[in-house]
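As structure tokens, the structure follows; a few thoughts come after it.
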Amino acid sequence: MKEKIRKLLTPETISYLVFGVLTTLVNYLVYYPCRFLGMAYWLANVVAWIFAVAFAFVTNKWIVFKSKGRSLRVLCREILLFAGARLFSLGCETAFLVFTVEVLHLSDLLMKLVAAVFVVILNYIFSKLFIFKKES
0 MKEKIRKLLT PETISYLVFG VLTTLVNYLV YYPCRFLGMA YWLANVVAWI
50 FAVAFAFVTN KWIVFKSKGR SLRVLCREIL LFAGARLFSL GCETAFLVFT
100 VEVLHLSDLL MKLVAAVFVV ILNYIFSKLF IFKKES
């Protein structure tokens, strides 16, 4: 079991988790003030997502996955794939929030925390396998 955990805890994975936490922090630092100011939870989620995705792209490209592509073509490809994957995870998160808040009448603040765990995992899979994959 320890060997399996050791294989999972690569420098890349640890870096992704650190920047995933920081991205989540950016998300919350935008989300909570928006909610405090009276913005609807779903709209606050979208606004927070925009800020978090911009931060995540920069940190994922250059620090976590160390993407070497510097050409405009590569940059555009990565931005489009990254935004598309993040839009998908935003849709999943928003659907989860709507279901848990509107149907189950749970706290949006708590459910946003729960959703963050799944979103981080989903975004890692997309980034690792499709967006910043190493060219062979």
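Heads up: the sequence shown at position 29 corresponds to 28 in numbering that gives the first Met the number 0, and the numbers run straight through without jumps. Ideal Cβ positions, reconstructed from N, Cα and C, are used throughout, including at glycine.
Check your understanding: For the ligand MN, is there a heavy atom less than 7 Å away from the beta-carbon of Tyr31?
Key -> The ligand MN is absent from the structure shown, which contains no ligands of any kind.
Point to revise | Endpoints, the alpha helix (DSSP H) within which Ile186 is located | key: The first residue shown for the chain is 0 and the last is 135, placing residue 186 beyond what the model contains.
Review point. By how many angstroms is the C-alpha of Phe81 removed from the C-alpha of Tyr40?
Key: 24 Å
Review point. Beta-carbon separation of Asn122 and Ser88 under 8 Å?
Key: yes
Check your understanding: Under the rule that 16 or more other beta-carbon atoms within 10 Å means buried, what is Phe98, buried or exposed?
Key -> exposed
Review point. By the 10 Å Cβ neighbour count, where 16 or more other Cβ atoms means buried, how is Trp48 classified, buried or exposed?
Key: buried
Review point. Is DSSP giving Val17 helix, strand or coil here?
Key: helix
Check your understanding: For Lys1, which three-state DSSP category applies?
Key -> helix
Check your understanding: Measuring CB to CB, does Asn26 end up less than 8 Å from Ala53?
Key -> no
Point to revise | CB-CB length for Ile62 against Ser126, believed under 8 Å | key: With 8 Å as the limit, Ile62 and Ser126 do not qualify as a contact, their Cβ atoms being about 12 Å apart.
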